[in-house]
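Below is one structure, written out as structure tokens, with a few remarks after it.
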Amino acid sequence: MDKKNHQFLSDKTVEEASRTFKVLADPTRIKILYLLSQEECSVTHITEVLNMSQSAVSHQLRTLRGLRLVKSRRDGNHFYYSCSDQHVINTLTQVITHIDCE
1 MDKKNHQFLS
11 DKTVEEASRT
21 FKVLADPTRI
31 KILYLLSQEE
41 CSVTHITEVL
51 NMSQSAVSHQ
61 LRTLRGLRLV
71 KSRRDGNHFY
81 YSCSDQHVIN
91 TLTQVITHID
101 CE
């Protein structure tokens, strides 16, 4: 039997990848990320576009921020959100392209 040198992922990397995929498995978070991939948005704008309550949007944004998938900036009394990880957006775009090709 031929023995090969294999690279293995650390437990920390596997756990982070698993958490990221779990977060991305939620339809609402996919909608929010896709919207933010197109433009920076205020919470109010996200609620209007997705027809959701402000508390529901804020909850989802908090989850996305927890994994550093979105970032925010403050302008006066308003917070504006944008994607903070282009790798995740690229993955999301590839999945959407894969689905649309069928």
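What the sequence shown shows, in the UniProt record's numbering, is residues 1 to 102, in sequence order.
We put the CB at the ideal spot given by N, CA and C, even for glycine.
Classification of residue i by the beta-carbon crowding that lies within 10 angstroms, buried from 16 upward
i, result
"V14", "exposed"
"Q60", "buried"
"I46", "buried"
"residue 104", "There is simply no residue 104 to check, as the chain begins at 1 and stops at 102 in what is shown."
"C83", "buried"
Note down, one range per segment and in chain order, each alpha helix (DSSP H) of at least 4 residues found wholly within the UniProt domain "HTH arsR-type" (9 to 102).
11 to 24, 27 to 38, 43 to 50, 54 to 66 and 86 to 100
- [ ] Check whether the segment 40 to 50 touches the segment 88 to 100, counting contact only when three or more Cβ pairs, one atom from each stretch, lie closer than 8 angstroms.
- [x] no
Pairing CB atoms from the segment 18 to 33 with CB atoms from the segment 65 to 77, are three or more of them under 8 angstroms?
yes
Open item on the list: Check whether the segment 74 to 82 and the segment 14 to 28 touch, using three or more Cβ-Cβ pairs below 8 angstroms as the test.
Closed with: no
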